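Residue numbers (the working numbering): 215 to 651. C-beta: ideal position from N, C-alpha, C; glycine also. In this text, all values refer to a predicted model and were calculated from it rather than measured experimentally. I have placed the structure first, in the form of structure tokens, so that the comments after it can refer back to it.
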Ligand SMILES: [Zn+2]
Ligand SMILES: [Zn+2]
């Protein structure tokens with residue numbers, strides 16, 4: 215990510231709110247989980263109604279100046295563990311760094327993005343043209359990440375290849391995007407009115423390569439969800455040609471303002487049965503939503519390729535665990551299986567990364583990876599003020615339902631690669647990504 219490179223950080227720091235010390239003092243407090251650290255309670259000690267905010271980013275609150283200061287001071291326990299990787303997972307060691315200068319700088323950037331998004335003329339005038347343009351690019355890159363992720367990951371992901379091959383014969387491909395909403399995959403508007411584009415034409419552009427490669431007559435994307443537009447949309451677009459002289463493929467998009475229920479497939483003429491299921495940042499374990507019925511209807515005992523994106527690595531693991539426990543997703547690598555089966559124990563996931571030389575998992579079509587097509591916009595968590603995320607930064611996918619074949623847990627699997635990278639090293643390289651132009 216160029217932005218992170220400019221701040222001299224290699225990787226986006228996702229969870230940096232220190233909670234270890236709070237667990238000791240507040241874990242008996244039933245209200246602890248309701249607390250919004252750094253918002254309605256002090257980010258350092260957890261006390262309610264904090265009055266002091268970071269004077270630089272104004273996005274993290276503390277009860278006193280002392281607490282504010284303490285959150286920026288490195289924790290000595292933590293500092294020593296940095297040199298001693300082996301002890302990293304010992305209980306009591308805080309991994310989170312608190313309100314570091316990098317976190318503060320990234321939160322300042324969130325302010326710019328929100329000003330551009332809010333489009334208030336007075337506030338916009340406080341930004342220099344450069345800052346305004348940069349924020350506009352970030353906001354737009356998040357919009358465009360939805361079509362780019364959908365099209366490119368389906369094109370490259372191992373579990374989708376069979377349905378793509380079939381679509382060459384059947385001439386159509388039907389994709390269900392479940393839990394869609396107008397402020398994410400069905401975004402509206404644009405921070406710069408001069409550049410405003412229709413969201414669906416963006417999907418059409420992103421799908422150009424796939425349409426031409428598999429010579430489909432039509433691609434149907436159906437968006438479902440209670441946060442879809444009130445009035446259902448049904449429109450058809452030409453997918454632009456890549457090398458062909460003229461457009462050969464139509465994109466039909468339909469939105470349905472309804473909870474998804476796979477069982478309506480036969481009774482509802484408007485809903486074709488899907489070839490691929492897509493979930494953008496669903497939060498399966500989030501108590502605000504009830505995914506149980508929806509997922510049972512579309513994934514249980516059905517072998518369908520699916521794609522899930524999440525905002526953080528932790529969420530990706532939680533969502534995989536959720537699907538795995540309900541036998542909705544069993545076709546996973548032995549390594550991942552071990553992680554999900556032994557979830558009580560802490561596993562050092564980092565040990566499993568970057569180990570692409572191992573071929574143990576080659577018979578598994580599922581994958582778990584950073585999303586090279588996510589946007590550049592960094593957002594602040596709403597519940598822990600030093601936690602940052604990028605929408606759809608992580609993704610995983612595979613075939614739904616129970617296992618169809620035996621997976622032997624080999625001895626070697628312990629060291630094998632959990633992450634199949636759907637793409638190479640060009641993560642976030644927009645130049646290598648035609649859909650993000
Ligand atoms: Zn405090
Ligand atoms: Zn700050």
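Taking residue 397 as reference, the option from 605, 316, 615 and 247 with the minimal CA-CA separation is 605. Burial state of residue 399 is buried, judged by a 10 Å Cβ sphere holding 16 or more other Cβ atoms. By the criterion of a C-beta distance shorter than 6 Å, residue 406 is surrounded in its chain by 350, once the five residues flanking it on both sides are discounted. The beta-bridge partner set that DSSP reports for residue 608 consists of 524 and 584. The beta carbon of residue 382 sits closer than 8 Å to those of 428, 429 and 430, all from its chain and outside the five residues before and after it, given in chain order.
In this structure, 415 is the residue among 392, 393, 390 and 415 with its C-alpha nearest to the C-alpha of residue 402. DSSP places residue 390 in the strand class (E or B) of the three-state scheme. Judged by DSSP secondary structure, residue 346 falls within the alpha helix (DSSP H) whose first and last residues are 343-370. In this structure, the straight-line span from the alpha carbon of residue 331 to that of residue 257 is close to 26 Å. Residue environment: residue 617 is assigned as exposed (fewer than 16 neighbouring CB atoms within 10 Å of its CB, all protein chains considered). Counting other Cβ atoms within 10 Å of its Cβ, residue 445 stays below 16 and is therefore classed as exposed. DSSP, read as helix, strand or coil, puts residue 399 in coil. For residue 470, the enclosing beta strand (DSSP E) starts and ends at 463-470. Checking the DSSP bridge columns, you'll see residue 452 partnered with 464. Secondary structure of residue 436 (DSSP, three-state): strand. Under DSSP, residue 492 forms a beta bridge with 391 and 521. Within the model, the alpha-carbon separation for residue 263 versus residue 269 is close to 17 Å.
Here residue 583 is not near residue 547, since their CB atoms are 8 Å or more apart. Remark: the shortest separation between the CB of residue 258 and any heavy atom of ligand 1 falls under 7 Å.
The stretch 374-388 and the stretch 437-451 do not touch, with fewer than three beta-carbon pairs separated by less than 8 Å.
A straight-line Cα-Cα distance of about 5 Å links residue 614 and residue 542.
Assignment of beta-bridge partners to residue 615 by DSSP yields 543.
In the assembly as shown, residue 458 is an exposed residue. Its beta-carbon has fewer than 16 other beta-carbons within 10 Å.
The three-state reading of DSSP puts residue 269 in coil, since its state is none of H, G, I, E or B. In the DSSP annotation of this structure, the continuous segment of the alpha helix (DSSP H) that includes residue 329 starts and ends at 315-332. In the three-state reduction of the DSSP assignment, residue 275 falls in the strand class, which pools E and B.
Collapsing the DSSP output to three states places residue 262 in a strand. With a cutoff of 7 Å, residue 281 counts as near ligand 1, since its C-beta is closer than that to a heavy atom of the ligand.
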